[in-house]
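The opening residue of the sequence shown carries number 660 in the working numbering; numbering runs sequentially from there.
Just so you know, even glycine gets a beta-carbon here, dropped at the ideal spot from N, CA and C.
I have placed the structure first, in the form of structure tokens, so that the comments after it can refer back to it.
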Amino acid sequence: PLLNPFSFNGRTYFTPEDGYNINRVFPGDAKGLLTHRLANLIYEQGIKKSDYMIDFHCNVASALCFSIVKETAHHDAWEKSKKMAEAFGVTNIHMIMEYEAHRTGTMGQTAGEEGVPNITVELVPWRAIDQEAVEIGVRGTLNVMKTIGMISGEVEPQEGKQIIPG
């Protein structure tokens, strides 16, 4: 599922109708421009009703697959988010908002502020379906589901991808 079909169809990060990046306007505004209304709908009908969240993104082909965990004042959500990222099984980046003040309005930050454990996963490559990325995404998602008790089974390590520890 795509959260912003307008930007996807326009092949850009920005909604062509208003020029905004949806991942910088959360929680949005029900009476705002198209991107803000879309973000608000996702916030109200998705984030606020979620127990956990994985936000999938994609990066350029030469990048590593990685997951981002954003610090939150909700200690329990922060700890669960770190466990989700570890279970997903790719390089983890712990984003400390004190050092990333310019990265506000993201879906992950908003979920964290609501107390929803979440990770943002960057798979590669962008604008293409890649078998390896699909396998990493599926395995990682199943690993998270196993870790949070949605399904049974053991976490399976990601194979064949460089992972930077620490």
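Check, Outcome
"Please list, in chain order, all residues of the same chain as V749 whose beta carbon is under 8 angstroms from its beta carbon, the five residues on each side excluded.", "L723, C724, F725, S726, V780, I795, G799, Q817, K820 and I822"
"Would you call the CB atoms of A736 and T806 closer than 9 angstroms?", "no"
"Assign L700 to one of two classes, buried (16 or more other C-beta atoms within 10 Å of its C-beta) or exposed (fewer than that).", "exposed"
"By how many angstroms is the C-alpha of E773 removed from the C-alpha of N802?", "24 angstroms"
"Less than 8 angstroms between C-beta atoms, sequence neighbours within five positions excluded: which residues of the same chain meet that for E813?", "K805"
"Thinking just about the alpha-carbon of each residue, which of A744, K690, Y702 and N751 is nearest to the one in G825?", "N751"
"Should T731 and G678 be called a contact, given that it needs their Cβ atoms to be closer than 9 angstroms?", "no"
"Check for me: the alpha helix (DSSP H) holding Q806 runs from which residue to which?", "Strictly speaking, residue 806 in this sequence is Thr, with Gln absent from that position. Note, T806: alpha helix (DSSP H), Q790 to T806."
"On the criterion of 16 or more Cβ atoms from any shown chain inside 10 Å, does S721 qualify as buried, or is it exposed?", "exposed"
"Since I706 sits in a beta bridge, which residues does DSSP pair it with?", "Looking at the DSSP assignment, I706 forms no beta bridge with any residue, so it has no partner."
"Based on Cα-Cα distance, which residue from P686, G767 and V719 lies nearest to W785?", "V719"
"Below 9 angstroms between beta carbons: does that hold for F685 and M754?", "no"
"With respect to the beta strand (DSSP E) encompassing S811, which residues constitute its N-terminal and C-terminal limits?", "No beta strand (DSSP E) contains S811, which DSSP labels as neither H nor E."
"Can you name the start and end residues of the alpha helix (DSSP H) that S726 belongs to?", "From DSSP, S726 is part of no alpha helix (DSSP H) but of the beta strand (DSSP E) over F725 to K729."
"On a Cα-Cα basis, can you pick out the residue from I810, N777 and V797 that is closest to Y711?", "N777"
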